[in-house]
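In the numbering used here, each residue's number is its place in the sequence shown (first place is 1) plus 4.
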Amino acid sequence: MAFLISGGKPLYGCIRAQGAKNAALPMLFATLLCTEPVTLYGVPDIGDVRVALSLLSSLGVKIEYDGSGTLTVDATAAEPPTFSLLEAEKIRASSYLLGATVARFGEGSIPYPGGCSFGVRPLDYHRAGLEALGVLWEEDARGIRVEKRKEKGAVYHLPYPSVGATVNFVLGALGVKGESTLFGYAHEHHVLDFIAFLRTVGAKICLEGDALHIKGGERLTGGSYTVTPDAIEAGTYLIAAAATGGEVTVEGVRYGELSPLLLAFGRMNIPFRFSGDALTVTPASHIRTTAVTAAPYPGFPTDLHPQMTVLLSRAEGGGKISDLVWDERFSYLGELEKMGLRVNRFPHGVRVFESKLHPAVVTSTDLRGGAALITAALACEGESKILEEEIILRGYEMLPVKLFSLGADIRTEA
Ligand code: EPZ
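#1: For ASN273, does the three-state DSSP call read helix, strand or coil?
#2: What's the gap between the Cα of LEU8 and the Cα of SER388?
#3: Quick one: grab the DSSP three-state call for LEU337.
#4: Count the other CB atoms, across all protein chains shown, that sit within 10 Å of the CB of ARG203; report buried if there are 16 or more and exposed otherwise.
#5: With a threshold of 16 other CB atoms inside 10 Å of the CB of SER39, please say whether the residue is buried or exposed.
#6: Can you grab the Cα-Cα spacing for the pair ARG271 / ILE291, in whole Å?
#7: According to DSSP, simplified to helix, strand and coil, what is ASP370?
#8: Across which residues does DSSP place THR230 in a beta bridge pair?
#9: Which runs of the alpha helix (DSSP H) at least 4 residues long sit entirely within the stretch 187-217? Give them in chain order.
#10: Return the residue from the list GLU261, VAL174, VAL354 that minimises the CA-CA distance to HIS193.
#11: Within 7 Å: the Cβ of ALA190 and any heavy atom of ligand 1?
#12: Check the C-beta distance from LYS406 over to ILE148 and give it rounded, since I have them as a contact under 8 Å.
#13: At the level of alpha carbons, what is the spacing between GLY110 and LYS154?
#14: On the criterion of 16 or more Cβ atoms from any shown chain inside 10 Å, does HIS161 qualify as buried, or is it exposed?
#15: According to the Cβ coordinates, are ALA244 and LEU382 closer than 8 Å?
#16: Can you name, in chain order, every residue of its own chain whose Cβ lies under 7 Å from the Cβ of GLY419, other than the five neighbours on each side?
#17: My output table needs one value for ARG223: the three-state DSSP class, helix, strand or coil.
#18: Per DSSP, what are the beta-bridge partners of VAL347 in this structure?
#19: Is the closest heavy atom of ligand 1 to the C-beta of THR306 under 7 Å?
#20: Nearest by alpha-carbon distance to VAL42: which of LEU397, ILE50, ALA158, PHE33 is it?
#21: Please find out if some non-hydrogen atom of ligand 1 comes closer than 7 Å to the beta-carbon of TRP141.
#22: Cα separation between TYR400 and GLY239?
#23: Name the DSSP bridge partner or partners of SER317?
#24: Classify LYS152: buried if its beta carbon has 16 or more other beta carbons within 10 angstroms, exposed otherwise.
#25: Do LEU59 and LEU89 have their C-beta atoms within less than 8 Å of each other?
#26: Got a sec: does ligand 1 put a non-hydrogen atom nearer than 7 Å to the Cβ of LYS25?
#27: Would you grab the beta carbon distance between PHE278 and PHE269 for me? Rounded to a whole angstrom, and I think it's under 8 Å.
#28: Compute the minimum distance between the beta carbon of HIS352 and the heavy atoms of ligand 1, and state whether it is under 7 Å.
#29: Am I right that GLY23 and VAL55 are in contact with their C-beta atoms under 8 Å? What's the rounded C-beta distance?
#30: Cβ of GLY51 versus every heavy atom of ligand 1: is any distance shorter than 7 Å?
#31: Does the stretch 341-356 come within contact of the stretch 205-220, defined as at least 3 CB pairs closer than 8 Å?
#32: So if DSSP puts PHE7 in a beta bridge, which residue, or which two residues, is it bridged to?
#33: Considering only the alpha carbon of each residue, which of ASP413, LYS360, VAL347 lies closest to ILE378?
#34: Put GLU93 into one of helix, strand or coil per three-state DSSP.
#35: Which term fits MET343, buried or exposed, when burial requires 16 or more other beta carbons within 10 angstroms of its beta carbon?
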């Protein structure tokens with residue numbers, strides 16, 4: 005399957021942000037710790053969520069999903085898997101099953117997780133955190149096996165604010181009696197939303213500066229919770245609006261989560277205005293150059309780096325973008341160069357030159373790289389073809405419908 009996009013027209017209109025993929029995924033796996041049903045609102049109907057739901061179903065978790073974001077999960081009858089959870093290889097978030105199953109069942113095993121291909125994606129921080137909690141971690145060619153060996157809390161200092169390792173330590177700590185503390189946790193809003201969800205179902209977690217304090221061994225109840233809006237999805241559409249010279253409103257966003265992007269818009273002379281929870285980008289008379297560095301929050305979000313590269317190619321004098329999170333997140337550049345992007349690579353980043361983009365047949369390298377290809381196709385006259393579009397649909401709910409509602413000429417080719 006492929007997307008066919010005829011670009012060169014400004015986007016105009018209003019859409020609503022989906023629930024945050026990277027908040028919903030840890031919440032789904034955390035339901036394994038809940039002794040009563042959980043209802044989640046705003047769960048995006050995207051590929052990664054469907055894989056997570058399939059993994060939970062294979063553990064005997066009962067799921068009702070109405071496809072419009074409301075999901076009821078009942079994990080009370082869940083059982084340890086009796087077969088290999090092969091689907092775990094499809095998404096990175098399946099790594100959360102390690103903390104969740106060891107907390108729920110005292111043991112667990114998964115094949116190596118998948119996810120976007122940014123080179124090697126180690127799990128050493130996940131391992132060190134769970135081992136600090138007394139969990140036995142064994143690896144072989146088939147995957148990873150964990151087993152609870154102690155009932156005592158622990159203190160662990162993350163050497164880097166890893167999103168995934170933060171989630172796994174919290175899940176593991178909830179499964180051991182006693183107080184645990186995690187220093188250096190990830191501060192991304194979707195991580196804080198995950199913690200807010202856990203507190204809703206009874207987890208005793210408090211944040212104190214750079215430390216997360218967790219009281220483990222307590223029963224988690226059930227309840228209901230609304231997933232925070234997806235700032236990365238919203239930012240993707242706002243960047244596309246700026247890149248096409250259009251006027252787009254995204255409803256259901258929060259300023260704090262988008263502030264690093266809005267600071268870049270300010271430097272680039274891209275006008276925007278907030279009204280309640282709606283953010284509108286309007287056409288810029290000219291786009292100024294800037295330099296952007298993707299880093300852990302409150303740095304510029306790495307998941308908007310590829311999309312921002314396209315916008316920089318529309319700026320007077322281009323710009324620079326570095327990524328201090330993923331050394332190997334630049335494979336999308338080769339596809340954008342087929343569309344006329346001119347760059348010079350340097351360690352951890354690229355110098356982007358003002359470029360006249362043109363249509364091409366290109367292939368999604370990863371989720372946000374694919375989003376960048378769509379942004380480029382929307383911004384240039386003529387028809388582009390984007391292959392492997394299912395990679396993009398892993399993270400963007402109803403993407404063709406949303407773009408069509410903004411006036412884009414987008415079709416799906418079988
Ligand atoms: C999460 O990945 C997100 N995925 C990614 O979003 C996002 O890019 C990333 O956080 C950073 O914000 C989900 O939430 C499902 P990390 P994660 O652990 O948890 C190194 C998207 O587009 N590291 O914060 O895998 C790692 O190699 C996806 O939605 C270790 O060295 O990210 C990387 O350089 C793509 N050892 C850095 O830390 C570890 O044990 C950040 O990784 C773990 C991580």
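Heads up, the beta-carbon is just placed ideally off N, CA and C, and yes, glycines get one too.
On the basis of the coordinates in this document:
#1: coil
#2: 6 Å
#3: helix
#4: exposed
#5: Residue 39 is actually Thr in this sequence, not Ser. Under this definition THR39 is an exposed residue.
#6: 9 Å
#7: coil
#8: TYR45
#9: 193-204
#10: GLU261
#11: yes
#12: The Cβ separation is near 37 Å, so there is no contact.
#13: 10 Å
#14: exposed
#15: yes
#16: In this structure the chain extends from 5 to 418, so residue 419 is not present and cannot be described.
#17: coil
#18: VAL356
#19: yes
#20: PHE33
#21: no
#22: 12 Å
#23: According to DSSP, SER317 bridges with nothing at all.
#24: buried
#25: yes
#26: yes
#27: That pair is no contact at about 12 Å.
#28: no
#29: Between VAL55 and GLY23 the Cβ distance is about 16 Å, and since that is not below 8 Å, they are no contact.
#30: no
#31: no
#32: ILE390, THR416
#33: ASP413
#34: helix
#35: buried
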